[in-house]
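Trainee:
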Amino acid sequence: MRKLLMGNHAISVGATLSRVQVIAAYPITPQTQVVEMLSEIVADGKLNAEFIKVESEHSAMAACIGASTTGARAFTATSAQGLLLMHELLHWAAHGRLPIVMANVNRAVAPGWTIWTDQNDSLSQRDTGWIQFYVADNQEVLDTIILGYKLAEKVHLPVMVNLDAFVLSHTYEAVEVPDQEKVDAFLPPFNPEWKMDVKNPRAFGGLTSSDVYMEFQYNHHEAMEQSKKVIAETCGEFEKIFGRKYGLLEEYRMEDSEYVMVTSGTISKTSRIVVDELREKGVKIGILRVRTFRPFPGEEIAAALAGKKKAFVIDRNISYGKSGIFYDEIKGALYNKGMNLPLFGFVIGLGGRDVTPAHLHEIVDYGMKHDRPTEEIIWMGVKK
Amino acid sequence: MRKLLMGNHAISVGATLSRVQVIAAYPITPQTQVVEMLSEIVADGKLNAEFIKVESEHSAMAACIGASTTGARAFTATSAQGLLLMHELLHWAAHGRLPIVMANVNRAVAPGWTIWTDQNDSLSQRDTGWIQFYVADNQEVLDTIILGYKLAEKVHLPVMVNLDAFVLSHTYEAVEVPDQEKVDAFLPPFNPEWKMDVKNPRAFGGLTSSDVYMEFQYNHHEAMEQSKKVIAETCGEFEKIFGRKYGLLEEYRMEDSEYVMVTSGTISKTSRIVVDELREKGVKIGILRVRTFRPFPGEEIAAALAGKKKAFVIDRNISYGKSGIFYDEIKGALYNKGMNLPLFGFVIGLGGRDVTPAHLHEIVDYGMKHDRPTEEIIWMGVKK
Amino acid sequence: MNFKPGKKVVLEKLADYPLMPASLADMTHNFTGSWRNMRPVIDYDKCINCGTCWKFCPEPAIYIEDNKVNVNYYFCKGCGICVSECPKKCITFEEEGK
Amino acid sequence: MNFKPGKKVVLEKLADYPLMPASLADMTHNFTGSWRNMRPVIDYDKCINCGTCWKFCPEPAIYIEDNKVNVNYYFCKGCGICVSECPKKCITFEEEGK
Amino acid sequence: MIEIRLHGRGGQGTVVASKILADAIVMGGGYVQAFPEFGVERRGAPVVAYVRIDNKPINLKSKIYQPDHIVVLDPTLLQSVNVTDGLKEGGKVLVNSEKEPSEMQEKFGKSFKVMTVDATAIALEKRLGSKTSPIVNTAILGAIVKALNVTNMDLIIKAIEEGVPLKVEENVEAAKKAYTSLKGGE
Amino acid sequence: MIEIRLHGRGGQGTVVASKILADAIVMGGGYVQAFPEFGVERRGAPVVAYVRIDNKPINLKSKIYQPDHIVVLDPTLLQSVNVTDGLKEGGKVLVNSEKEPSEMQEKFGKSFKVMTVDATAIALEKRLGSKTSPIVNTAILGAIVKALNVTNMDLIIKAIEEGVPLKVEENVEAAKKAYTSLKGGE
Amino acid sequence: MTEKKPIKTTIPEHEVMKPGHLACQGCGASLAMRYATKAIEGEAMFTLPACCWSVIDGPFPYSSLGLPLLHMAFEAAGATASGIRAALNMLGQKKVKVIAWGGDGGTFDIGFQAISGAAERDEDILYICYDNEAYMNTGIQRSSATPYGAWTTTTPVKHFEKRPKKDMVEIMAAHKIPYVANVSVAYPEDFVKKVQKALSMEGFKFIHAFAPCPSGWKIKPEDTIKIAKLAVQSKIFPLYEVEYGVKYNLTVKVPNPVPVLDYLKLQGRFRHLTEEEINIIQKGTDENWDLLMKKLENK
Amino acid sequence: MTEKKPIKTTIPEHEVMKPGHLACQGCGASLAMRYATKAIEGEAMFTLPACCWSVIDGPFPYSSLGLPLLHMAFEAAGATASGIRAALNMLGQKKVKVIAWGGDGGTFDIGFQAISGAAERDEDILYICYDNEAYMNTGIQRSSATPYGAWTTTTPVKHFEKRPKKDMVEIMAAHKIPYVANVSVAYPEDFVKKVQKALSMEGFKFIHAFAPCPSGWKIKPEDTIKIAKLAVQSKIFPLYEVEYGVKYNLTVKVPNPVPVLDYLKLQGRFRHLTEEEINIIQKGTDENWDLLMKKLENK
Ligand SMILES: Cc1ncc(C[n+]2csc(CCOP(=O)(O)OP(=O)(O)O)c2C)c(N)n1
Ligand SMILES: Cc1ncc(C[n+]2csc(CCOP(=O)(O)OP(=O)(O)O)c2C)c(N)n1
Ligand code: SF4
Ligand code: SF4
Ligand code: SF4
Ligand code: SF4
Ligand code: SF4
Ligand code: SF4
Ligand SMILES: [Mg+2]
Ligand SMILES: [Mg+2]
């Protein structure tokens, strides 16, 4: 059924269709409609779930960890400061190998207080061991929640679905809402082998000495690496049932392209306008959207960029004292492939500064005019 | 005066000599001796400071932020879970441009509970906007606290000094303790221009719209970049007064080397044994120790590695679904220099698994035997 | 206190920015009178100078001057508290722009 | 309950590991008797079977069997609580290894 | 692509109006985005919402700077807000006002086409909201159908029926009445 | 480089002993590391501490697997802990015990040189600790000086004076007495 | 116009908080701040966790407060104030008062621990919580200050708030701090006096300020004061103070109490309540009042 | 040896907690767990924030508890237990009890907020705090449970603890939860009975267990029980319970109280105290007792 949903509603509908059993969440702009809508849905009896109205995001994640370890499908949603407050427990959920799914509305980080979008909140969680997706429209928001559970429960890792604040979270778009039966067919009930169980009592997470600790980290990383395959499989299944196609990456007019905009999130959509315009003018340019950031699809990116003339990586984020984060991580991937493609790194749109087609044209223009980047960050749209 | 100090004592002495005014800290193994010793020092009246015995690390950082914004020199120390619990406020201190200095004893992250060393705790804070140092002995611990304040107060950024759990924190080594007068000459009293002031009331950190937010991020990053120069300057001054030399990087037998071990923390010291042994056998090998991780000395690393045959990056950390973190960030730096040096990435010693000369020999052996790395991570010492 | 409308602060270039987001002015540039669609009007004939309206105005947009209470319409948001709390009912609420 | 010494669990290879650090056995392999440098010895002649020693042993290393209290020396850490709490003072503390 | 900006006050249902309009577009098989100004506006303060309409999927994710049309839900806003800011040459301005379009044309200049509807009167007639805060958004929607030509009354009515929680009938009637009483719409 | 491992019980001052020994080394101009076993051992449980001594700066930062010498502070440990684990061929084993070295030699085998000192008796004589928990670490230090030849009595005494908070004199005397009463030290 | 008697103000005339701020029409929270700042004699600094006031004060580069102010993370005000206090002590400014100002969410919920910690340490600060009984800044979600029966967006009508309001004043009194008090925007004189008293004492002081929110309570902006008065007169929000956890004192008597219904019926957030539920509220209110009376006697 | 009368046990004979665990000799915390687990009839799950018990239970791959147990971050037990509870409810295991078990630091300090939140929501869980009056797992640093006068490594003798112990039982009682109680390892029967009672009630229950720590209190391991008894007999640690925040009940009477000195003098951590300071402790103890007596009368 086609419905007009804002991104926050798409999250809530996705969680409902996934038949989550325990929700623990705390309100924060620009995520609030998620807690509000799910409160309603649960109060109306349309979803059989316990909604724990915790006193902080830290407790939200703790409750999800408790619930997931006990064998229930757990869900939360947050943004920015809330996500950061969970930080210790993000590591916990991941090392605990708990298939929690969380929606994070990408909002910039305070101080100063800000509620507008950029990716610093979630990207600064890149080392916590969570699978991370960055989505580009509200349909993908909904679908990725469902896909997320399927994936999480297969590889025993938590999944974070990131969407741009306001641009998706508060923007109404038409979304195809799948039937519950189809979702049920795709996503079986959660029934983990390792869980808190009165019949088989175990202690989870006890003191782990240096004799035994490292293997868990190895397994954690291996599960991440396996996820790449599982994502492909799961997306394949999803496409069969629902007819919509997703993957680690998304390509737009890439086949014969010489130049590539490497993007993530909603900027990827606006970039299509720019690419279409440039194509009209004969510029062979395409878009490589990085949909999956953890596990990092380094091989796949290198393959997609192989043979291209130049690539322009667009980061709506920054690692202070380094560079844009997608940019840095992609360089790492290309280095080992012995690739020598000129790769430009642009930082744009921090704190919700709007990214228009004009800005994106400017980026392409810059890249076209320069042989190689001379700086680690090319700043776009900063007052000087 | 030469004194036998464990790393945690070196921290405390460094803070005392820096005449910190507000300490807010919370105990955690393996940092506890810091809070204990500073409690004593303050109780004995040997340091005129307020010690706030907060109820959590989160509050420790909050108190430091309050104190620093009000114009006092603030200090804290923590480790692992404590550092992670501060996460939201790490961003806060950095964006607030507060010159707080914090010692972090590198301990692996739970679950399972662990108290042993690796760098995942602090490296997973790499995007919070803090300056980060990784030190290799207890002398450097003490010196870097003092240097840290000098630097922090010049560039208006917080500084994190990281040391390995137990290997430094609990190991007694002889340390040259500088005279207070010399430290006073090096480090003038803290007197910031921007601070909470009843004579000139301002609001700090108010809502910052997308019209004005991004420039602060630009300035933050620029301050990081400037820090490189300021570190060089400050270390120069320090050397003049105290006779000990530090920098962004540290080189060992690098001049004529063909092969390079790229290290951080105490592994760098053990590596010297291996390098000395290999040199005996005629292998031209040296060590490049990355002492400063933020700002990331990409240029400097590229310069140091230029013309070498191979380099072996040793990471006591991992970004799950990516690779060792030093490894990844170095690849980024070399990529833009158009360098093609075979760079191998090893992950070793997680959760305190001991790193012996034998392991390091194994790493060099592996690197010597292979032309190019075929994997993003070469795991060392994992049971298979 | 009768607050005068203040000035906007414009940050056109990097050099205009403070080190961190620290405030540089108060909010009196903000014409909150534009929020109003009802306007409180005091009938001084009935007013007994009790000060109640002044006391309860949340902006504050009522000030004491010349031994009377006065509404500062640049700031008054038209909440109606003064209208409702005046013990003499001598403040009326009129439609804005009529 | 008289607990028998348990077995160590050895994780030699990756395949021996559980998915996350979940316990696979109890701690009864741990010979805490080695912590002891004093050994409680019960004088059954004086003992009145009040059960106090059993009640207060923190390990627990005292068990009830054959209608008497017994010390399990594999686990007894030699804290001396039983010695100190026995109302009949019929537990003596002897130096270990003498 | 048609881009519309709606002006109202915090608490007045401006965003709801944009959402119902978007709903109607979707029901008609079109593509649409509806979104509020991304801010922290408080009750009473001027607020803005946007609708972007196209007959193919909309890739553009940036804000709207040069709207094709403007809708003003609260006439008192005209005193403090420059509602035609960025409005394209030839754009339409639909104002909730008892006045004739001609009385307003001067204020806006010649390059825009002004239309009015007395949505406040209609809302009060249908007992939507109170005198000091009438709820005019459904009335405005009816006027939009007539004025901006982006959807039709059947769809708007369906969208209102699904989109308002209370007094459904009154709201529908308000829309209908506004549709017929729009001034300057020809 | 000389590497020493000390065995004691949690709460017995084993780590303090290693620290005082290290202090003496530093005072003598040597290079040293002293560190505990990195664990969570509780009062009563067997614990271990290490000292690494050299005449040049020590780069080695890994643990000690093959010590040159072993020091045992609590004789009851011998029943449960394999104290000579990893001990180098020809290494020395210094045990706090009233027994003669010859009585113990068998237990350890021929490849190690066994020495004993009745540190418990000395501690009790100097009223250091109680009967059930005597504090033997300073006595052991005196014996170490004689037995292991890594520092001298003057330095150890100075280190003890700076390193113990209470009963300084008694501790120094204990060390001295142990120094002279070491058995098997020649 | 005849000659008027001079206006005699019952609270300090000087305005610290400036107009132009961003509060909604008729906001109780802005009024609370107006009173609190009037009570300050001498110098003071504020810290503010996230709450409506983070917005009310105005965006960068503006501020309406007129006093030094540190905006801080939502959960951190208690500890931040401790840090400011320590710094001022070290900088020779012991006399400058430190005030933390938070909403009920930042106080009862996410920031509670830092407050409890500061109270336990008896830090010399004043914590003022303006209570609008929900998370308003994010659009009316329940907090643990939300009273039984109330609608919020997370306690929808079909599942309205079922837990009683967390009793922060009693919880803080159990911390045995020097001073705890209830104040209300409808009783400015009592409000100002208590803030002044608190500021004159050393150690940790906690003031809980009743501050209706027209937007969140679904009330008319002009009813803010009326409703706040009814809360006191219906005994729902007694105005009392507690010293050192034991000395109770009722500062505003309620000789002619009104039924809670009078208070409830003006508010949209209670519209759905049935008689039965209103009786529950009346009963709970009476019980709490009786308990309070006992404590007043014990003093 | 003559024929003995049979041993009659006053607490359940069945052992849930197994030996071989890592507690120090004479550890009160291990004894507390032994009693608590004996009291469980039916099935239960535990969650544990960081504390000595994280070590006592044994390292991976071992566990001494004998019940499902989730080790959790230091500050998170209250919320974690809520999550477990919710999951069990959804999985049709409503009858399985959920118990959170934390030290005083994890309860009074860093984990307090999550507990207060769970209490406010009236989650159906039992929270047991074993109180050894400092952070022991990290080597004896002060917590807000550390009593006035005590030495710890962060309150050195020259600057011993100056704040009174935070009154958690009263603070939790002020949350008006179904059940709050003090228990002591020296009174196993009372201990077990209260845990049983708590487990039989619905909603949030809080039990505060006095558990001496030989290593941290500088006492002889064999004195653990003696000292715990003296704490009760000197009125320092009264054994009482509170239902719904109002119904007080003293479960162990103290007909012949002893001076606090008897309690203090056995402990190294109080060795430095002068008579004056001991008098302060005596006075505070008497005042608290009187207050408690008043509350007992009010019930
Ligand atoms: C860690 C974190 N979580 C959530 C938020 C979002 N947030 C900001 S203010 C607020 C509600 C504040 O409620 P309250 O303290 O009652 O103040 P009010 O807005 O009602 O005045 C919330 C949930 C945040 N800023 N930080
Ligand atoms: C966030 C965080 N901070 C600090 C620690 C270190 N830590 C672990 S246990 C502990 C003390 C626990 O004290 P308490 O709760 O009283 O239990 P006890 O050890 O005394 O039994 C501390 C400080 C931690 N694990 N996590
Ligand atoms: S209407 Fe409100 S804002 Fe205006 S003067 Fe009256 S009380 Fe003040
Ligand atoms: S409240 Fe009414 S009577 Fe009193 S001063 Fe104001 S206008 Fe005059
Ligand atoms: S000495 Fe302690 S451990 Fe041993 S049996 Fe007695 S009480 Fe139990
Ligand atoms: S306490 Fe003493 S008397 Fe009682 S059962 Fe034990 S040994 Fe026998
Ligand atoms: S939402 Fe409520 S508290 Fe917030 S500014 Fe508006 S009226 Fe005030
Ligand atoms: S330190 Fe104290 S609480 Fe911890 S195990 Fe030892 S005796 Fe028990
Ligand atoms: Mg609120
Ligand atoms: Mg404790």
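Heads up: the protein sequence lines correspond to chains Y, A, B, G, F, R, W and H, in order.
Here this note's numbering is used: the first residue of the first sequence is 152, the next is one more, and so on.
Here this note's numbering is used: the first residue of the second sequence is 152, the next is one more, and so on.
Here this note's numbering is used: the first residue of the third sequence is 142, the next is one more, and so on.
Here this note's numbering is used: the first residue of the fourth sequence is 142, the next is one more, and so on.
Here this note's numbering is used: the first residue of the fifth sequence is -17, the next is one more, and so on.
Here this note's numbering is used: the first residue of the sixth sequence is -17, the next is one more, and so on.
Here this note's numbering is used: the first residue of the seventh sequence is -2, the next is one more, and so on.
Here this note's numbering is used: the first residue of the eighth sequence is -2, the next is one more, and so on.
For every residue, glycine included, the Cβ atom is placed at its ideal position computed from N, Cα and C.
For GLU155 of chain F, collect the residues of the same chain with a Cβ closer than 6 Å to its Cβ; drop the 5 residues on either side in sequence, then sort them by chain order.
Mentor: LYS108
Trainee: Grouping DSSP H, G and I as helix and E and B as strand, with all else coil, what is ALA225 of chain A?
Mentor: strand
Trainee: Checking contacts by CB at 9 Å: is ALA156 of chain B closer than that to chain W?
Mentor: no
Trainee: Just the C-alpha distance for GLY39 of chain H and VAL93 of chain H, rounded to the nearest angstrom, thanks.
Mentor: 7 Å
Trainee: Could you list which residues in chain F have their beta carbon closer than 7 Å to that of LYS187 of chain B, in chain order?
Mentor: Per Cβ cutoff of 7 Å: no residues; LYS187 of chain B is ~22 Å from chain F at best.
Trainee: What would DSSP say about GLN368 of chain A, mapped onto helix, strand or coil?
Mentor: Helix at GLN368 of chain A.
Trainee: Hey, does GLY134 of chain A have any beta-carbon neighbour from chain W nearer than 9 Å?
Mentor: Absent from the model: residue 134 of chain A. The displayed extent of chain A is 152 to 535, so no value can be given.
Trainee: Which runs of the alpha helix (DSSP H) spanning at least 4 residues fall entirely within the stretch 99 to 144 of chain F, listed in chain order?
Mentor: 101 to 107 and 119 to 130
Trainee: Return the residue from the list Y:PHE393, Y:ALA214, Y:VAL185 and Y:LYS460 that minimises the CA-CA distance to ALA175 of chain Y.
Mentor: Y:ALA214
Trainee: List, in chain order, every chain A residue whose beta-carbon is nearer than 9 Å to that of GLY162 of chain B.
Mentor: The sequence given here places Pro at residue 162 of chain B; Gly does not occur at that position. Within chain A, the residues near PRO162 of chain B are HIS246, GLY247, ALA354, PHE355, GLY356, GLY357, LEU358, THR359, VAL363, TYR364 and PHE367.
Trainee: Quick one: does LEU261 of chain W have its CB under 9 Å from some CB of chain F?
Mentor: no
Trainee: Nearest CA to the CA of CYS227 of chain G: which residue from G:VAL182, G:PHE216, G:TYR215 and G:ASN213?
Mentor: Checked all of G:VAL182, G:PHE216, G:TYR215 and G:ASN213; the closest Cα to CYS227 of chain G is G:VAL182.
Trainee: For VAL127 of chain F, I'd like the list of residues in its chain whose CB is within less than 7 Å of its CB, leaving aside the five on either flank, ordered along the chain.
Mentor: Excluding residues within five positions, the ones whose Cβ falls inside 7 Å are THR133, ASN134, MET135, ILE138 and TYR161.
Trainee: Please indicate yes or no: does the CB of THR7 of chain H lie closer than 8 Å to some heavy atom of ligand 6?
Mentor: Outside the cutoff, so no.
Trainee: May I ask you to report which of helix, strand or coil DSSP gives THR135 of chain W?
Mentor: In the structure shown, the three-state DSSP call for THR135 of chain W is coil.
Trainee: Counting only beta-carbon atoms, is HIS160 of chain A nearer than 9 Å to chain B?
Mentor: no
Trainee: Shorter than 8 Å, the distance from the beta carbon of PRO199 of chain G to the closest heavy atom of ligand 6, or not?
Mentor: Checking the Cβ of PRO199 of chain G against ligand 6 gives no.
Trainee: State yes or no: is the C-beta of GLY472 of chain Y within less than 9 Å of the C-beta of TRP264 of chain A?
Mentor: Result no, Cβ atoms of GLY472 of chain Y and TRP264 of chain A do not sit closer than 9 Å.
Trainee: Can you tell me whether PHE267 of chain W is helix, strand or coil according to DSSP?
Mentor: helix
Trainee: Starting from TRP264 of chain Y, find everything on chain W with Cβ-Cβ shorter than 9 Å and list it in chain order.
Mentor: ALA47, SER51, VAL52, PRO56, PHE57 and HIS68
Trainee: Is it buried or exposed, VAL154 of chain H, if we count other Cβ atoms within 10 angstroms and call 16 or more buried?
Mentor: exposed
Trainee: Could you tell me the distance, in whole angstroms, from the CA atom of PRO9 of chain W to the CA atom of LYS35 of chain W?
Mentor: 6 Å
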